[in-house]
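Here's the structure, in structure tokens; my notes come after.
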Amino acid sequence: MPSTDAAPLTPLALSEDLPPATVMPIWTPEGPMALWRSVGGTLSLAADRCPHRGMRLSHGFVRGEALSCIYHGWSYDQGGRCLRIPAHPDLEPPASIRVATGSVLEAGGVIWRARADDPSLPPDFPGFVPLRSLSFAVSRDVISRTLGGESAGPGILKGTLAGSAVILLCAEQAEGTSLIHLLAPADATLDQRIAVSRAAETLRRAAETGTTEAAA
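Taking the working numbering, I'd label the letters of the sequence shown as residues 3 to 218.
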């Protein structure tokens, strides 16, 4: 697997979707990864494959400050080093047993894939808060054309849904699909947020079917 620090700054997930002591699967240009948050709240990113039998670590569980594989319970710290092999409790795992890791940042309720060698900080979106994430079975370009908005930077679209200004953080996924993190006005009412959420689903249908069904 190539170095996981080669990818540019990319939105991965919303903070509220990854509470302490949880792990979730994500996709990056390097391949599938496991994004997890320790009991203490520390974010970590690891290759989604246990070196032992290849089981996906995103199917595992978090205990304390370690991520454990669900298959045989091998545990890894936030730097990817193997801490414990339950079948051999007295064995100190060799340093060679480890999983590749990546860098992540968290800002404004969004978790970003970062580069260890790049000091860039995630963009700031004053007046907007995360609303939800949606998977689209089309590329970012198709979503942009369907939305009819404007680009505000790499992978960042500004537009209107249900009469409200919105920001879409677009992360390209495998096989031409996309993951969208939707930001809505911070002062939007509950009814307005519901309307924006429903309009986002309409946008998805329009983008995936190639129709002109209005989302705004």
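Heads up, the beta-carbon is just placed ideally off N, CA and C, and yes, glycines get one too.
All of these numbers come straight from a predicted model, not from anything done at the bench.
Item to check | Identity of the residue in A48, I158, A167 nearest R100 by Cα | outcome: When each option's Cα is compared against that of R100, the closest is A48.
Checklist entry - Expressed to the nearest angstrom, what Euclidean distance is found between the alpha-carbon atoms of L163 and H183? => result Cα to Cα, the separation comes out at about 14 Å.
Item to check | DSSP state of H61 mapped onto helix, strand, coil | outcome: Of the three classes helix, strand and coil, the one that applies to H61 here is helix, per DSSP.
Checklist entry - Given that a residue counts as buried once 16 or more other Cβ atoms are within 10 Å of its Cβ, and exposed if not, what is V198? => result Taking every protein chain shown into account, the CB of V198 has 16 or more other CB atoms within 10 angstroms, so this residue is buried.
Checklist entry - Looking at the structure shown, is V101 part of a helix, part of a strand, or coil, going by DSSP? => result Coil.
Checklist entry - If you draw a straight line from the C-alpha of R142 to the C-alpha of A173, how long is it? => result Those two C-alpha atoms are separated by around 8 Å.
Checklist entry - Under three-state DSSP, which class holds G42? => result In this structure, G42 counts as coil in the three-state DSSP scheme.
Item to check | Contacting residues, own chain, Cβ-Cβ under 8 Å from S135 (five flanking each side not counted) | outcome: Only A15, L16, D19, L181, I182, H183, L184 meet the Cβ criterion.
Item to check | First through last residue of the beta strand (DSSP E) which encompasses E174 | outcome: First-last of the beta strand (DSSP E) with E174: 166-174.
Item to check | T191 classed as buried or exposed, judged by whether at least 16 other C-beta atoms fall within 10 angstroms | outcome: By the 10 Å Cβ count, T191 comes out exposed.
Item to check | According to DSSP, residues forming a beta bridge with E152 | outcome: BP columns for E152 point to K160.
Next on the checklist: For the alpha helix (DSSP H) containing V198, name the first residue and the last one.
Outcome noted: 192-211 is the span of the alpha helix (DSSP H), which, as asked, contains V198.
Next on the checklist: In whole angstroms, give me the CA-to-CA distance for G33 and E177.
Outcome noted: One C-alpha to the other measures close to 12 Å.
Checklist entry - Between which two residues does the beta strand (DSSP E) carrying T30 extend? => result Element bounds for T30: 24-30.
Checklist entry - With distances taken from CA atoms, which of I196, L37, P21 is nearest A116? => result Considering only I196, L37, P21, the residue with the shortest C-alpha distance to A116 is L37.
Item to check | Backbone secondary structure at S137 - three-state DSSP | outcome: Of the three classes helix, strand and coil, the one that applies to S137 here is strand, per DSSP.
Item to check | Classification of I196 by the beta-carbon crowding that lies within 10 angstroms, buried from 16 upward | outcome: Only exposed fits I196, as fewer than 16 other CB atoms lie within 10 angstroms of its CB.
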